[in-house]
Amino acid sequence: MVDGVIAPQTIVMRGRSFSYMDFGGPGHPVVALHGTFGRALQFGQLAQRLAPDYRIIALDQRGHGLSEQGGTFSRSDFVADAAEFIRRLELAPALVIGHSLGGVNAFQLAAWHPDLVRAMVLEDTPVVTDASELTQPVVDTTGWPPPAATRQKLAQSFAAMEMPAFGYFMDSAVERDGTWTMCFNYADMMATQYGNVGRWWDDWLGSAQPAALLHGALSPLLSAQLAAGMTAERPGTELVEFPGCGHWIHRDDPSGHALAVRTFLDRVQA
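Add 11 to a position in the sequence shown, counting from 1, and you land on the number used in our numbering.
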């Protein structure tokens, strides 16, 4: 139930253990894929805002949240995980929403497995993620804070780094063996980012499902020019602008983000 405590569920796919959160309700299922450094529980507020019409089912993607750590983090790994998740839960063709990394996974899923995706909402998801578009394609996690005695001390360490969207990262803080740490492995996050660096135009243009691209006007990862180009080049894609928002639209403007998602999903479901 979206108004109660949601317990993570576990599923074994492709030889790995994954955690996911089904926020419940009678509505149309929507598969949700978080960004790098994110986790499934971050879709809780969106689930509440979309209920009871839509039921959010969010996957902790490999190396993130409570899912298994280690292994490989290629494009094909992430897409195959999402494809298997949809098949196992019998959700095809699925409505899919993705933020950043999760958005790349979503549009590649739509191109590689068109039978699995009905429509997609992409939150601040660039099609080009290399140095030609981004000043810093990979965030170096070397020297990030070690485990701390309390959540507050861990938060202070991350705050001292003056990271953007500080709360987004702290969503992944967990208590383990008497100390507070991030639920992800720093090396896994580096591998995830390196695997996501590229120019993915062929995949972006390789599907025909309806899509909405949500763009934060202040985003350092998706420029206005690239967002406009992505929309113009791909038929059936609409651009929704969020003035005053950065890369994390769901945090900067939760109500506006939810309204945009609902408006698009209502239309494709009609």
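Glycine is no exception: its CB is placed at the ideal position from the N, C-alpha and C atoms.
Fill in: Buried/exposed call for R66, threshold 16 Cβ in 10 Å
buried
Item to complete: Determine the contact status of C256 and G76, defining contact as a CB-CB distance below 8 Å.
Response: Contact: no.
Practice prompt. Let me know the beta strand (DSSP E) ranges lying completely inside the region 192-272, each 3 residues or longer, listed in chain order.
Written response: 222-227, 248-253
Worksheet item: Roughly how many angstroms separate the alpha carbons of G81 and H39, rounded to a whole number?
Response: 33 Å
Worksheet item: What does DSSP give as the partner residues of D33 in its beta bridges?
Response: I68
Item to complete: Give the secondary structure of L133 by DSSP, where H, G and I count as helix, E and B as strand, and everything else as coil.
Response: strand
Practice prompt. Taking the CB atoms as reference points, tell me whether I260 and L225 lie closer together than 8 Å.
Written response: yes
Discussion item. Can you look up T274 in the DSSP assignment and give me helix, strand or coil?
Written reply: helix
Practice prompt. Reducing DSSP to helix, strand and coil, say where R27 ends up.
Written response: strand
Worksheet item: Taking the DSSP output, what are the residues bridged to R187?
Response: T190
Item to complete: Taking only the alpha-carbon atoms, compute the straight-line gap between L270 and E144 and give it to the nearest angstrom.
Response: One C-alpha to the other measures close to 29 Å.
Fill in: Rounded Cβ spacing between D182 and R50 (contact assumed at less than 8 Å)
Indeed they touch by this definition, with Cβ atoms about 6 Å apart.
Worksheet entry | Length of the line joining the Cα atoms of F29 and Q147 | 29 Å
Worksheet item: Do the CB positions of H45 and H110 come within less than 8 Å of each other?
Response: yes
Practice prompt. Drop a sphere of 10 angstroms on the beta-carbon of Q167, count the other beta-carbons inside from all chains shown, and report buried for 16 or more, exposed for fewer.
Written response: exposed
Worksheet item: Is it true that the region 154-168 meets the region 182-192, where meeting means three or more beta-carbon pairs spaced less than 8 Å apart?
Response: yes
Practice prompt. Please state whether DSSP places Q80 in a helix, a strand or coil.
Written response: coil
Item to complete: Look up Q125 in the DSSP assignment and say whether it is helix, strand or coil.
Response: Position check: residue 125 holds Pro in this sequence, whereas Gln was assumed. P125 falls in the helix class under three-state DSSP.
Practice prompt. Can you have a look at T140 and say buried or exposed, based on whether 16 or more other CB atoms are within 10 angstroms of its CB?
Written response: buried
Worksheet item: What is the DSSP secondary structure of V139, reduced to helix, strand or coil?
Response: strand
Discussion item. Does chain B have any CB closer than 8 Å to the CB of A228?
Written reply: The structure shown contains no chain B; it is built from a single protein chain.
Fill in: Neighbourhood of Q20 by C-beta, 8 Å cutoff - its chain only, sequence neighbours within 5 removed
S30, Y31, M32, D33
Worksheet entry | Limits of the beta strand (DSSP E) - the one that L106 falls within | 105-110
Discussion item. Could you compute how far the alpha carbon of V115 sits from the alpha carbon of V138?
Written reply: 7 Å
Practice prompt. Could you name the residues that DSSP lists as bridge partners for Q20?
Written response: Y31
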